Structure formats: structure tokens, C-alpha cells
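full-length UniProt numbering puts the first residue of the sequence shown at 1, with every later residue one more than the last. Built from N, CA and C at the ideal position, the CB exists for glycine as well. Note that this is a predicted model, so its numbers are computed, not measured.
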Amino acid sequence: MMAAPSPGRAMLLMARLRLTRLLNQADALLFRAARRKRAGRAATPGKRRNSWLLALLIALMAGFSFTQLARNAVLNLHCHIDAACAATDDQGATYMALEKGAAALATTPFSPHLASALTMMLTLLLLVSVLFAVGSRELAQADWDLEWLATLPVRRKTLLWGRVLERSVSNPTALFALLPLCGLLAWYSGLRWSVPLAMLAMAALLLPLTALCHTLADTGLRMWLPASQLRNLQALTSLASMPILYFVMALGMPNGASFPIEWAAAYPAWSAWTPPGVMIQLLQAATPGRAAALAALLLAQVGLLLAGGVALLGYQLRHGVVASGERASGRPRVRTTMDEPTKAGADHATATPRAGARGLLSPVKRRELRLLSRDRNFLVQSLLLPVVIIGSQLMFNGALHDLGQFAHHPSVVAAVAFGIGSYVLMLSAFQTLNNEGPVLWLLYTFPRNVESVLREKVQLWGVLALFYPLGVFGLALHAGAPLDWPLAGSFLLVLTGMPVFAVIAVALGVFACDPLATDVRTRVRPSYVYLYMLLASFYGYSIYTTFWPQKLVVMVLCGALALAMWQKARDELPYLLDPAAAPPARVSTADGLMAATAFFVLQALIGMLLSDGPGKIGLQGLTIAFASAGATVYGCTRLIYWRNRTAGVPAIVRGGDAGTGTGTGAGAAAGLGLAMAVPAIAVGLAYLAALRHSALAPALSAAATGATLHPGWMLALAVLAAPLCEEFIFRGLIFGGLRRSMGALPAMLVSAAVFAIVHPPLSMLPVFVLGLLTAWSYERSKRLLAPMLVHALYNAAVVSWQLWY
């Protein structure tokens with residue numbers, strides 16, 4: 001019979017198991033795509049890659065950021081509390097010189113008030129480590145290995161000490177929060193090259209305390225409190241952790257709010273005899289005798305706290321490690337007999353399913369709201385946490401010091417409103433499929449397609465997200481913001497962005513969802529979260545810029561991108577639960593947007609090669625760059641479509657393949673193009689004539705200068721290159737892709753808007769009309785020949801008019 005392991009060996013094995021699982025989770029989260037690409041053999045594992053280099057780089061960058069934050073906080077506290085950083089510049093102005101304070105702090109002991117402030121900072125970081133650990137997982141469910149560990153031939157007391165040890169070494173939040181500050185405290189205490197040893201010793205005493213509090217919260221309280229109260233507690237911890245973290249960050253902001261420094265300076269003196277305070281006293285000890293006494297006191301405090309905590313855990317788990325075998329529900333179950341069905345059940349039995357609920361609150365929306373009301377943790381994290389995060393940032397960096405001054409900056413008010421709304425969508429609409437959990441497959445059994453269900457969820461979260469900008473703008477008006485055009489324009493811009501980013505969030509959530517993942521934390525691919533944040537930052541740029549064409553460009557591009565992502569997500573939904581199958585290749589709006597981006601980037605790069613300097617490129621070089629970029633994009637796109645056997649590829653003469661309908665012959669397409677060119681030319685010439693008699697006449701004359709100097713190259717660019725390249729992208733790909741998802745008129749409007757914003761602001765209006773007419777001719781003929789003729793004749797007429805005048 002195998003002998004039972006010793007307590008020390010059992011605890012080391014538990015710690016090793018926890019670290020191994022943590023590393024495997026990080027590898028699965030960061031390098032899943034690379035591993036999927038090389039997963040070609042089932043019997044023998046593939047070669048190991050150097051993926052650990054990227055993980056090491058990320059850890060180093062995070063460590064550097066936390067170290068810099070801790071250093072700024074320590075020096076800022078020293079400068080404000082000890083007044084040791086005041087300096088004067090050449091003009092006689094006084095400012096805070098942190099480096100001067102760093103030199104003084106390294107040579108003098110901490111003052112009593114500074115030691116108390118640093119004790120507060122270290123205590124708050126301990127609290128943040130515990131709150132983040134508790135709020136990162138569901139408290140109502142036992143840890144995956146708890147029941148298995150309880151079956152091992154080891155005493156319960158040994159298991160509890162092992163649980164504290166393993167959580168001490170496997171809490172990355174505590175490591176990044178505590179180690180940098182511990183190292184800086186040791187450095188400024190004069191230890192210098194023995195800092196690593198001191199840092200490890202401090203961590204060895206502080207990390208078990210965080211692990212003990214974490215275990216008492218998630219293991220002990222789970223045995224005492226029902227599941228509903230545990231979820232409420234988890235929601236409160238998630239909500240409370242962010243203000244505390246931003247409070248610590250505010251200590252390192254020289255120009256931030258003043259009250260965090262004042263609170264730190266007024267921290268009570270008795271805190272010096274808590275474990276963090278005794279640790280700082282030990283670092284500052286002047287004699288070996290005092291250091292030995294403080295070390296003994298610190299070890300006694302930590303030992304007593306750990307022993308008492310483990311004893312309390314043992315008492316909590318005296319009846320077992322699992323309190324209940326079933327998940328608690330949000331409401332008590334109503335018992336009924338088989339002969340007396342409930343009214344809700346009878347109504348459900350007699351109701352006929354509707355293909356799309358058109359009421360204000362459809363069954364899908366009511367279900368989403370009901371689940372939201374039951375899951376308090378998700379409710380707090382999705383609807384309240386963004387307000388706390390943005391509000392904490394504004395409060396601790398000093399932006400809310402004068403609310404009236406904040407309200408008189410429309411761009412700042414709009415940025416805050418959009419930031420809160422987009423953050424709400426990232427934490428709610430982005431998780432639409434992930435929140436279904438292991439029962440996602442049930443959506444595929446309903447008498448309606450999954451896309452319609454997601455569409456209703458988009459509507460719900462888009463409307464909920466609108467309340468936050470409305471509240472921010474209402475607060476700004478209450479604080480005295482003038483209701484003028486800048487504020488109203490910013491308000492409309494933010495309100496327009498909410499439904500657009502609701503669509504983007506749900507669509508990206510489809511791509512990010514991995515329903516086959518066993519661990520909930522790996523069901524969402526983080527790269528798509530970063531992509532959403534990047535797109536939101538692009539839209540935020542349109543709020544700050546004062547140039548209205550840039551605002552219009554960003555709005556139209558984000559709207560088109562939302563439609564393109566939704567189309568891709570709709571194609572992906574039928575194959576989401578299949579790990580191998582993929583949707584068939586078809587022309588999509590995303591293809592057109594990518595082709596347009598590649599076209600303009602290539603045109604800029606080739607133009608740089610042909611230019612004589614920055615911004616110095618002639619009309620000849622511009623024509624060559626335009627034609628070369630268009631030919632490259634056309635050739636690469638057709639090659640990719642040919643290799644993937646893509647359906648719906650646009651053709652110039654041979655039509656009838658794109659969109660709906662049967663199309664017309666080549667002769668009829670040419671006639672249609674000639675007919676549509678007449679109203680396009682009429683609108684263009686009328687617009688030019690109106691500009692000649694307006695204040696924009698000088699700008700029109702400057703734009704026509706190149707055409708008069710090089711008429712041949714101008715005609716080649718406008719009549720030959722532009723119709724061939726742009727019609728394939730904007731009508732064949734973008735309009736053709738949009739036509740798969742919507743009717744002819746909406747697709748015409750969207751494609752014409754995208755076509756107009758890539759042209760100079762002076763010509764957006766007639767180009768928009770041209771986009772409508774070319775899209776209509778392509779819709780009728782199913783050939784690119786018709787829109788190319790419309791485009792060529794329009795450009796020829798406009799250029800000829802400019803040459804004539």
C-alpha cells in the first residue's frame with residue numbers, strides 16, 4: 001500500500017499543479033491560433049515553439065508599467081508630504097521636480113507621515129489583490145479541483161495550508177501589484193543590490209495574507225451564504241475594486257486630484273503596527289537589534305493571522321467542501337401537478353411562434369432582461385462598472401474638480417458619454433453569445449434563425465447604451481453647459497455611434513466566441529476585444545476633431561464596417577458549433593472595404609516613390625500611381641476569388657452573377673449607362689455653376705489648376721483609370737456585398753455614401769448623386785459596364801467644363 005505523502009510534499013504538489021494549470025491557460029489564451037495551425041498530428045505532438053518569448057515580453061511590459069506607477073506614487077507622496085521637490089525654472093515659476101525628490105529620498109529615512117502614507121498604499125494594494133481575485137470567478141461555484149483534493153489521503157488542515165500556498169504563488173494580480181512597490185521601498189530604504197532578496201522576503205509574507213483572504217471569501221463564505229447572496233457579494237467586489245485601484249493610481253499623478261494625497265498624509269499613526277506598517281519599519285530600521293525585534297513581530301503577526309484563518313477555514317468546512325449539489329435559481333420554484341398546468345405553461349402551449357417579434361419587448365428581449373436581473377454580477381459588471389471606471393478616472397485625475405468647467409467643453413463631455421456607452425457595449429453586447437454558455441445550441445432549435453435573435457439583442461443593448469450618453473449630457477446641461485451647436489452636434493454624433501457599435505460589438509462577439517472551449521475564461525478571444533477598443537478609439541477621434549468632413553468620414557466608415565461585420569457574422573452563425581466547417585466563399589462588403597483600403601494605401605506608397613519630395617507629385621505621377629494601385633488590387637482580388645471559387649464575383653461584360661435579378665445584355669447595359677449619365681452630368685454641371693457664384697469659387701479655381709496644365713493626364717485619370725478601378729471596388733464589391741444583406745435602396749445609399757467620403761469635401765454632394773446613379777445602373781444591368789460608362793461620361797463632362805472655363 002502506498003504511503004500517504006508528507007504535508008510539505010502535498011502542499012508543494014498542489015502549488016505545482018496550480019502553476020502548471022495557470023501556464024496552460026495563458027498558453028491557450030495567447031497562442032491558441034498558432035497551435036491550431038500546427039495541430040496536424042494526433043498521435044505525436046508537434047514541435048514546441050518559442051511562444052514563451054511573447055509571454056515573457058508581455059510580463060516584462062506589465063512589470064515595467066506597474067513599477068513606473070509605483071515609483072511615481074512614492075515620489076509624489078514624498079514631494080507633497082515632505083515638501084522636498086520644489087524647484088524653480090528660468091522664469092521663476094515653481095514646479096515639482098520628482099528626480100530631485102528621488103535623490104533626497106534615497107539618502108534620508110522616511111518621515112513618520114510618509115511612512116504612514118506608504119503603509120496606506122501597501123494596504124490598499126493588498127486589498128485590490130484580494131478583490132480582483134475574488135471578483136474574477138463565480139463565488140457560487142466550487143473550485144474545479146476542490147472536491148477532487150478532498151478525496152486525497154491528506155488531512156484537511158494540510159489541504160487548507162496547501163490551498164493558501166498555491167494561491168500565494170499563482171495570483172498574477174497580487175504579484176504585479178505588490179512586487180514593484182516592495183522593491184521600490186527596499187531601494188529607497190538603502191538596500192540597493194539586496195533589493196531582490198528583500199522583495200522576495202516581503203512577498204513571501206504578504207502574498208499568503210492575500211491568499212488567505214481570498215480563500216476565506218470564496219471557500220468559507222460559500223458554505224455560509226446562499227448562491228444569490230454570493231453573487232451579490234461578487235458584484236460588490238467587482239464594483240469596489242476599481243475605485244480603490246484608481247485611488248492608488250491617483251497617488252502618482254502630480255496634477256491629479258489633491259484629496260488622495262491629503263488622505264494619505266492623514267493616515268493614522270497606529271497603522272505603523274499593522275503587518276504592512278511593521279514591514280516598512282523593518283526596512284527603515286537603523287540598528288540590527290531593532291530590525292530583529294521588528295522581524296520577530298512581523299513573523300508573529302503573519303503567523304497568527306495565517307493560523308487563525310486556516311482554523312476558521314477548517315471550522316467552515318467541517319461538514320464538507322460542497323454546500324449544495326444544484327445551482328440556486330433566482331426565484332423559488334412554484335410546484336404544480338401534472339393535471340394543473342400553470343397559466344404561463346398553458347399560454348406557451350397555445351401560443352404560435354412568430355418569425356420576428358415586432359412588439360416593444362419581444363420574448364427574446366424579455367428573456368435577456370430577466371436573465372440580467374437574475375445575474376447580479378453580470379448586471380453590475382455590464383451596466384454599473386463602466387460608470388465607476390470612467391467616473392473614477394475623472395474624479396482622481398482632477399477633471400471633476402470643477403464640474404462647471406468640465407461642462408463647458410463639448411468635446412470632453414461627448415468623449416465621456418461615448419466612452420461610457422461603448423464600454424457598456426463591450427461588457428454586455430460583446431458577451432451576447434458567450435453568456436449563453438453550454439446551452440448555446442438551444443438557439444439553433446428555435447423556430448427562427450439565430451440572426452434574428454441576435455438582431456433583437458442588438459436593439460436591446462443599443463437602447464440601453466443610449467441612456468448613458470443621455471445622462472451625461474443631461475448632467476452637463478444641469479452644470480451650466482450652453483445648449484449650442486457644438487454641444488448639439490457632439491450629442492448627435494455620440495447618439496449615432498451607440499447603435500453602430502452595438503452592431504459591431506455583437507458581430508465581433510460572434511467571431512470571438514469559442515463555444516467548444518471548456519473553460520469559461522477562454523471562450524472569448526481577447527484579440528477581438530482589442531479590435532473593438534481600437535475601433536472605438538477611431539470613433540472617439542471624430543468627436544475631438546473640429547473638421548466636419550473628418551467627422552463624416554469616420555461616421556460613414558464605422559457604419560459601413562458595422563454592416564460588413566454583421567454580414568460576416570451572419571455567414572458564420574450556421575457553422576459556429578462545427579469546429580471544422582466554414583461558410584462558402586461569397587463576395588461580401590468586408591471584401592470591398594478591404595480592397596478600398598488596400599487601393600488607397602498602395603496609391604499613397606506608389607505616389608511616394610514617384611514624388612520629388614513630401615507632397616510634391618505631379619499629375620502624371622498621380623495617374624500612374626492610381627492606375628497601378630487599381631490594377632494591383634483588381635488582379636489580386638480576382639486571383640483570390642478564383643482560388644477560393646467565390647460566388648457573386650462582379651464582371652464587366654458578362655453579367656447576371658451578382659445581386660438579384662437576371663440582368664440585361666451588354667448592349668442594353670451600355671444604353672442604360674448612357675441614359676444614367678445624363679442626370680449625373682446635369683447635377684455635376686449645375687453644382688459647378690453654383691460654386692462659381694459662391695464663396696467657394698477660389699477653392700474651385702485652385703482645384704482646376706492641375707487640369708488646365710496637364711489636360712491629357714487629367715482626362716486619362718478621370719475618364720479611364722477612375723471608372724475602371726473605382727467601379728469594381730465600390731459598385732462590384734461594396735454595393736454587391738451590401739445587396740446580399742439589404743434591399744436595393746439602402747444598399748445604394750450606403751455604397752454612395754462610402755464612395756462620396758473618399759473624395760474631396762468640395763465634391764462630396766455631386767459624387768454622392770453619381771454613386772446613386774451608378775449603383776442603380778449596376779442593379780439593373782448586373783454588369784460593371786453600365787456604371788463605368790456613367791462614371792466615365794460624368795468625369796469627362798466635369799473635366800471638360802473645368803478646361804473650358
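Between the beta-carbon of Val-169 and the beta-carbon of Thr-215, is there less than 8 Å?
By 1-based counting over the sequence shown, the position of residue 169 is 169. By 1-based counting over the sequence shown, the position of residue 215 is 215. No, Cβ-Cβ distance for Val-169 and Thr-215 is not below 8 Å.
Kindly indicate which residue of Pro-766, Phe-735 and Gly-648 has the alpha-carbon position closest to the one of Gly-684.
The count along the sequence shown starts at 1 and reaches residue 684 at position 684. Residue Pro-766 is the option with its Cα nearest to Gly-684.
DSSP state of Val-524, grouped into three classes?
If you number the sequence shown from 1, residue 524 lands on position 524. Strand.
Give me the DSSP bridge partner(s) of Arg-643.
As a first step, residue 643 is located in the sequence shown; it is residue number 643 there, counting from the start. Answer is none; Arg-643 lacks a bridge partner.
Cutoff 7 Å; reference Pro-332; Cβ partners in own chain excluding five residues on either side:
The sequence position of residue 332 within the sequence shown is 332, counting from 1. Confidence in Pro-332 is poor, its pLDDT being 47 and thus under 50, which makes the residue's placement too unreliable to answer from.
Spatial neighbours of Leu-796 in its chain, beta-carbon cut-off 6 Å, leaving aside the 5 residues before and after
For the purposes of this step, residue 796 is identified with residue 796 of the sequence shown, where counting begins at 1. The amino acid occupying residue 796 in the given sequence is Ala; Leu does not appear at that position. Counting only Cβ-Cβ distances below 6 Å, and skipping sequence neighbours, we find Val-719.
Nearest candidate by alpha-carbon position, reference Ala-201, set Leu-179, Val-506 and Glu-138
Residue numbering aside, residue 201 sits at position 201 when the sequence shown is read from its first letter. Looking at the Cα atoms, Leu-179 is the closest of the given residues.
Please classify Cys-182: does DSSP put it in a helix, a strand, or coil?
The residue you call residue 182 lines up with position 182 of the sequence shown. Residue state, collapsed to three classes: helix.
If you count every other CB in all the chains shown that lies within 10 Å of the CB of Lys-568, and 16 or more means buried, which is it?
Walking along the sequence shown from the start, residue 568 turns up at place 568. Classification for Lys-568: buried.
Would you mind sorting Pro-153 into buried or exposed? The rule is 16 or more other CB atoms within 10 Å of its CB.
The residue labelled residue 153 in the question sits at position 153 within the sequence shown. Exposed.
Give me the residue from Ala-680, Ser-271, Gly-437 and Val-649 with the minimum Cα distance to Gly-737.
Here residue 737 refers to the residue found at position 737 of the sequence shown. Among Ala-680, Ser-271, Gly-437 and Val-649, the Cα nearest to that of Gly-737 belongs to Val-649.
Count the other CB atoms, across all protein chains shown, that sit within 10 Å of the CB of Gly-40; report buried if there are 16 or more and exposed otherwise.
The sequence position of residue 40 within the sequence shown is 40, counting from 1. Low local confidence applies: a pLDDT of 45 at Gly-40 is under 50, so the model's placement there is unreliable, with the coordinate-based value given in what follows. By the 10 Å Cβ count, Gly-40 comes out exposed.
When DSSP builds the beta bridges, which residues end up paired with Arg-586?
Counting from one through the sequence shown, the residue named residue 586 turns up at place 586. BP columns for Arg-586 point to Ala-647.
Using a Cβ-Cβ cutoff of less than 8 Å, which residues in the same chain neighbour Leu-282 once the five nearest sequence positions on both sides are dropped?
If you number the sequence shown from 1, residue 282 lands on position 282. Only Ala-291, Leu-294, Ala-295 and Leu-298 meet the Cβ criterion.
Sequence-distant residues of its chain with Cβ nearer than 6 Å to Ala-590 (five each side left out):
Your numbering for residue 590 matches position 590 in the sequence shown. For Ala-590, where only same-chain residues beyond five positions count, the Cβ hits under 6 Å are Ala-564 and Lys-568.
Inter-residue Cα distance where the pair is Tyr-541 and Asp-484:
Along the sequence shown, one-based indexing puts residue 541 at 541. Along the sequence shown, one-based indexing puts residue 484 at 484. So the two alpha carbons sit approximately 21 Å from each other.
Comparing alpha-carbon positions, which option in Ala-716, Pro-549 and Leu-561 lies nearest Ala-627?
Along the sequence shown, one-based indexing puts residue 627 at 627. Measuring from the Cα of Ala-627, the nearest candidate turns out to be Ala-716.
Among Ala-264, His-319, Ser-751 and Val-387, nearest to Ala-240 - alpha-carbon criterion
On the sequence shown, residue 240 is found 240 positions in, with the first residue counted as 1. Taking only the C-alpha atoms, the option nearest Ala-240 is Val-387.
If we count the other Cβ atoms within 10 Å of its Cβ and call it buried at 16 or more, is Glu-99 buried or exposed?
The residue you call residue 99 lines up with position 99 of the sequence shown. The residue in question, Glu-99, is exposed, as its Cβ has fewer than 16 Cβ neighbours within 10 Å.
Apart from the five residues on each side of it in sequence, which residues of its chain come closer than 7 Å, Cβ to Cβ, to Pro-711?
If you number the sequence shown from 1, residue 711 lands on position 711. So the qualifying residues of the chain are Leu-803.
For Tyr-794, does the three-state DSSP call read helix, strand or coil?
What you label residue 794 is simply residue 794 of the sequence shown in a count that begins at 1. Looking at Tyr-794 - three-state DSSP - the assignment turns out to be helix.
By a C-beta neighbour count over all protein chains shown, 10 Å radius and 16 as the cutoff for buried, is Gly-8 buried or exposed?
Along the sequence shown, one-based indexing puts residue 8 at 8. Under this definition Gly-8 is an exposed residue.
Report buried or exposed for Thr-623, applying the criterion of at least 16 other Cβ atoms within 10 angstroms of its Cβ.
Walking along the sequence shown from the start, residue 623 turns up at place 623. Thr-623 is buried by the Cβ-count criterion.
Taking 8 Å as the cut-off, decide whether the C-beta atoms of Tyr-539 and Phe-418 are in contact.
Along the sequence shown, one-based indexing puts residue 539 at 539. Along the sequence shown, one-based indexing puts residue 418 at 418. Cβ distance < 8 Å, so Tyr-539 and Phe-418 count as in contact.
Buried or exposed: which applies to Asn-171, given that a residue is buried once 16 or more other Cβ atoms fall within 10 Å of its Cβ?
The residue given as residue 171 occupies position 171 in the sequence shown. Per the 10 Å Cβ criterion, buried.
Can you name, in chain order, every residue of its own chain whose Cβ lies under 7 Å from the Cβ of Ile-681, other than the five neighbours on each side?
On the sequence shown, residue 681 is found 681 positions in, with the first residue counted as 1. Around Ile-681: Leu-793, Tyr-794 and Ala-797.
Meets three-Cβ-pair contact criterion under 8 Å: the region 672–681 and the region 760–776
yes
Please confirm whether Met-223 and Gln-316 have their CB atoms less than 8 Å apart.
Reading the sequence shown from its first residue, position 223 is the one you call residue 223. Reading the sequence shown from its first residue, position 316 is the one you call residue 316. Yes; because the gap between Cβ atoms is below 8 Å, this pair is in contact.
Anticipated Cβ contact below 8 Å, Ala-264 with Met-121, distance rounded
What you label residue 264 is simply residue 264 of the sequence shown in a count that begins at 1. What you label residue 121 is simply residue 121 of the sequence shown in a count that begins at 1. Sure, about 7 Å apart at Cβ, within 8 Å.
In its own chain, which residues sit with a C-beta less than 6 Å from the C-beta of Ala-562, not counting the 5 before and 5 after it?
Here residue 562 is taken as the residue at index 562 of the sequence shown, counted from 1. Counting only Cβ-Cβ distances below 6 Å, and skipping sequence neighbours, we find Val-500, Val-503 and Ile-504.
Cys-725 - DSSP class collapsed to helix/strand/coil:
Counting from one through the sequence shown, the residue named residue 725 turns up at place 725. Cys-725: helix per DSSP, three-state reduction.
What does the Cβ neighbour count give for Leu-605, buried or exposed, with the cut at 16 atoms within 10 Å?
Residue mapping note: residue 605 aligns to position 605 of the sequence shown, counting from 1. Per the 10 Å Cβ criterion, exposed.
Rounded to a whole number of angstroms, what is the C-alpha to C-alpha distance between Leu-762 and Phe-768?
Mapped onto the sequence shown, residue 762 falls at position 762. Mapped onto the sequence shown, residue 768 falls at position 768. Spanning the two alpha carbons is a distance of roughly 12 Å.
Can you give the Cα-Cα distance for Leu-207 and Phe-467, rounded to whole angstroms?
The residue given as residue 207 occupies position 207 in the sequence shown. The residue given as residue 467 occupies position 467 in the sequence shown. Computed Cα separation, rounded: 42 Å.
Closer than 8 Å by C-beta to Arg-192: which residues in its own chain qualify, once you throw out the five before and the five after it? Chain order, please.
The count along the sequence shown starts at 1 and reaches residue 192 at position 192. Within the same chain, Arg-192 has no close Cβ partners at all.
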